[in-house]
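Take a look at the structure below.
Residue numbers (full-length UniProt numbering), protein chains in the order written: chain D, 1 to 310; chain H, 1 to 310.
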């Protein structure tokens with residue numbers, strides 16, 4: 001029997017995990033033998049959402065097995081963010097809300113990217129297009145994904161489609177969006193049990209920008225200074241990663257979820273480009289406060305890509 | 001005022017021209033300041049359709065001008081098939097039915113690829129999604145695109161979505177699909193006024209396959225032997241193109257629209273790969289008959305890409 005595996009990006013976040021779970025649910029209801037999967041550990045924020053709505057995390061995979069007929073990528077398309085053997089498998093679909101880059105197939109496929117704040121918002125549309133009702137637990141997962149990617153609808157990536165979907169889903173899930181959302185974000189911002197290595201890997205993504213290899217890790221916090229107490233350890237771990245992966249730049253982004261600012265730490269040979277890109281000097285600790293910057297995708301990746309391509 | 005330019009691939013075919021015209025019509029009805037454009041000469045088949053339904057060909061452009069805010073690509077996504085300055089402009093949308101390759105953006109966009117036989121079939125769906133009625137002339141153009149890409153619904157690329165759309169559109173356009181379709185295909189297969197250089201450029205597409213640069217030109221004919229009367233001239237022109245573009249392989253595909261076979265001619269350093277890919281010997285003229293092969297996309301590009309990646 002055909003078997004379709006559905007998964008999001010490495011260092012999974014709430015949108016990636018919840019979108020894989022939801023799309024597998026929708027596909028199963030459309031008689032496709034689909035299974036959700038994940039490429040890494042479930043973070044505290046996502047685990048809070050899974051516990052709240054009583055859903056099991058998807059299976060952890062390292063490679064796509066030979067029993068799999070085809071795969072569906074959600075919440076990413078860039079191969080370096082995907083499963084290691086991605087170029088050997090048949091990609092039948094992509095559902096995503098990111099830029100398109102370092103992606104290719106030999107054959108035509110269903111590729112759907114919409115410039116929304118969250119993959120879950122596209123999936124909420126797709127339930128309607130398939131004529132399938134969203135159940136309470138799936139509504140909770142999709143809502144959690146939107147809250148996570150939009151920092152409770154406050155990120156500049158958030159569109160009216162995300163806002164509408166969020167209110168609709170909160171209703172089905174039977175939660176107060178503000179109360180539930182803040183609780184979930186705080187669970188994700190709890191770094192008390194995290195090592196420096198956890199913090200630079202738990203939400204890290206790699207990008208090709210011009211000829212440069214760039215990794216950007218983001219951590220949410222209620223109090224940024226708590227994170228930078230570990231600066232020395234963070235620096236050691238980051239320099240190890242730069243060495244191992246041959247990175248030109250590692251940008252560590254600590255985001256204040258209450259004030260919606262980010263303090264970044266830059267390392268690597270190309271760290272000077274951060275000053276040019278954001279027109280902010282790095283201080284003696286190689287850090288800079290970026291006021292109003294919360295979105296890696298819209299406010300960091302685009303600006304850095306532009307700077308690297310000059 | 002914002003200005004959006006909509007165009008298909010170089011060496012435009014009927015799907016590329018008609019999809020640009022139709023999507024510009026739809027966008028204008030959705031209050032977007034959209035203009036259709038084309039990247040090359042209108043071929044005989046497309047001109048037949050435009051004349052039949054009384055529609056002007058879109059403007060010819062060589063580059064996207066500085067007055068253009070963003071562009072929408074229809075019927076292609078690979079940059080080498082697009083306008084020369086594609087990497088300098090903002091791509092806001094892609095509507096396509098091909099594989100995804102050599103495409104990237106800095107920012108999220110609306111990217112819609114569906115594995116149908118024709119871009120026009122996707123556009124027919126989009127008119128419904130937008131709640132806009134398809135007028136008689138637009139129906140005629142969309143139908144012509146489907147007939148062209150599917151060789152009157154006979155190509156293996158043709159899906160049930162294309163068939164349904166074709167019958168629906170023939171009804172609105174007020175034509176008998178078989179009669180109109182055969183007349184249109186024959187107009188396209190009329191090579192009496194074509195030089196060898198016309199034949200190798202009028203429907204040519206370039207592809208990256210592994211590390212190889214490959215160009216594949218396709219010409220429809222009622223009698224293939226008529227085309228190969230010009231073999232010596234074709235060879236001269238093809239060798240010039242290989243030299244100029246640094247190609248590893250040029251595959252010339254002459255397709256018999258009545259019997260649904262193709263006779264190919266291969267040139268370039270990698271021509272041997274054609275024999276391996278299709279398990280057919282090239283004869284003394286470097287030609288081979290590929291029985292039942294009519295689709296460049298589904299029956300040629302995929303097979304050659306596979307062979308080049310081994």
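Backbone N, C-alpha and C fix where the C-beta goes; we use that ideal spot for every residue, glycine too.
| Asked | Found |
| --- | --- |
| Go through its chain and collect everything with a Cβ distance to residue 174 (chain D)'s Cβ below 6 Å, but skip five positions before and after it. | none |
| For the beta strand (DSSP E) holding residue 306 (chain D), just list the boundary residues, first then last. | It is not in any beta strand (DSSP E) - residue 306 (chain D) instead sits in the alpha helix (DSSP H) that spans 302 to 308. |
| Is it buried or exposed for residue 179 (chain H), if we count other Cβ within 10 angstroms and need 16 for buried? | exposed |
| Where DSSP assigns a beta bridge to residue 110 (chain H), which residues make up the other side? | H:93 |
| Could you compute how far the alpha carbon of residue 133 (chain H) sits from the alpha carbon of residue 30 (chain H)? | 12 Å |
| Classify residue 259 (chain D): buried if its beta carbon has 16 or more other beta carbons within 10 angstroms, exposed otherwise. | exposed |
| Can you tell which of H:294, H:299, H:213 and H:310 has the C-alpha that lies nearest to the C-alpha of residue 154 (chain H)? | H:294 |
| In this structure, does DSSP put residue 205 (chain H) in helix, strand or coil? | strand |
| Look at residue 219 (chain D) and residue 203 (chain D) and say whether their C-beta atoms are less than 8 Å apart. | yes |
| I'd like to check one pair, residue 267 (chain D) with residue 285 (chain D): are the Cβ atoms closer than 8 Å? | no |
| At which residues does the beta strand (DSSP E) containing residue 263 (chain H) begin and terminate? | 261 to 267 |
| Alpha carbon to alpha carbon, how far is residue 301 (chain H) from residue 195 (chain H)? | 25 Å |
| Which residues does DSSP list as the beta-bridge partners of residue 70 (chain D)? | D:4 |
| Would you mind giving the Cβ-Cβ distance between residue 15 (chain H) and residue 119 (chain H), rounded to the nearest angstrom? I have them listed as a contact below 8 Å. | 5 Å |
| Look at the alpha carbon of residue 162 (chain D) and the alpha carbon of residue 224 (chain H), and state the distance between them as a whole number of angstroms. | 55 Å |
| Note down, in chain order, each residue of its chain lying with its Cβ closer than 7 Å to the Cβ of residue 250 (chain D), except the 5 sequence neighbours on either side. | 215, 238, 241, 242, 267 and 268 |
| By the criterion of Cβ-Cβ separation under 8 Å, what are the contact partners of residue 201 (chain H) in chain D? | Those within 8 Å of residue 201 (chain H) in chain D number zero; the least Cβ separation is about 25 Å. |
| Would you mind reading off the limits of the beta strand (DSSP E) that contains residue 212 (chain D)? | 212 to 221 |
| Start and end of the alpha helix (DSSP H) containing residue 256 (chain H)? | Residue 256 (chain H) -> not in any alpha helix (DSSP H); beta strand (DSSP E) instead, spanning 249 to 256. |
| How about residue 127 (chain H): is its C-beta nearer than 8 Å to some C-beta of chain D? | no |
| Report the residues of the stretch 97 to 112 of chain H with a CB closer than 9 Å to any CB of chain D, ordered along the chain. | 97, 98, 99, 100, 101, 102, 103, 104, 105, 106, 107, 108, 109, 110, 111 and 112 |
| Is residue 302 (chain D) close to chain H, meaning its C-beta is less than 8 Å from at least one C-beta of that chain? | yes |
| Based on Cα-Cα distance, which residue from H:176, H:71 and H:156 lies nearest to residue 110 (chain H)? | H:71 |
| Would you say residue 245 (chain H) and residue 213 (chain H) are within 8 Å of each other, going by their C-beta atoms? | yes |
| Around the C-beta of residue 167 (chain H), are 16 or more other C-beta atoms found within 10 angstroms, so that it is buried, or is it exposed? | exposed |
| Which of helix, strand or coil does DSSP assign to residue 78 (chain D)? | coil |
| Consult DSSP for residue 151 (chain D) and reduce its assignment to one of helix, strand or coil. | coil |
| Using beta-carbon positions only, say whether residue 50 (chain H) and residue 9 (chain H) come within less than 8 Å of one another. | no |
| Go through its chain and collect everything with a Cβ distance to residue 185 (chain D)'s Cβ below 8 Å, but skip five positions before and after it. | 45, 147, 148, 151, 152, 220 and 257 |
| Using a 10 Å radius around the Cβ and a threshold of 16 neighbouring Cβ atoms, would you call residue 199 (chain D) buried or exposed? | buried |
| Short of 6 Å in beta carbon distance, which residues of its chain neighbour residue 291 (chain H), apart from the five on each side in sequence? Order them along the chain. | 261 |
| Check whether chain H comes within 8 Å of residue 45 (chain D), counting only Cβ atoms and requiring the distance to be less than that. | no |
| Assuming residue 182 (chain D) is part of the alpha helix (DSSP H), what are its boundary residues? | 177 to 189 |
| Scan the stretch 140 to 161 of chain H for residues whose Cβ lies nearer than 7 Å to a Cβ of chain D and list them as they occur along the chain. | none |
| At the level of alpha carbons, what is the spacing between residue 127 (chain H) and residue 19 (chain H)? | 12 Å |
| Among H:265, H:42 and H:169, which has the Cα closest to the Cα of residue 388 (chain H)? | Not covered by the structure: residue 388 (chain H). The range shown for chain H is 1 to 310. |
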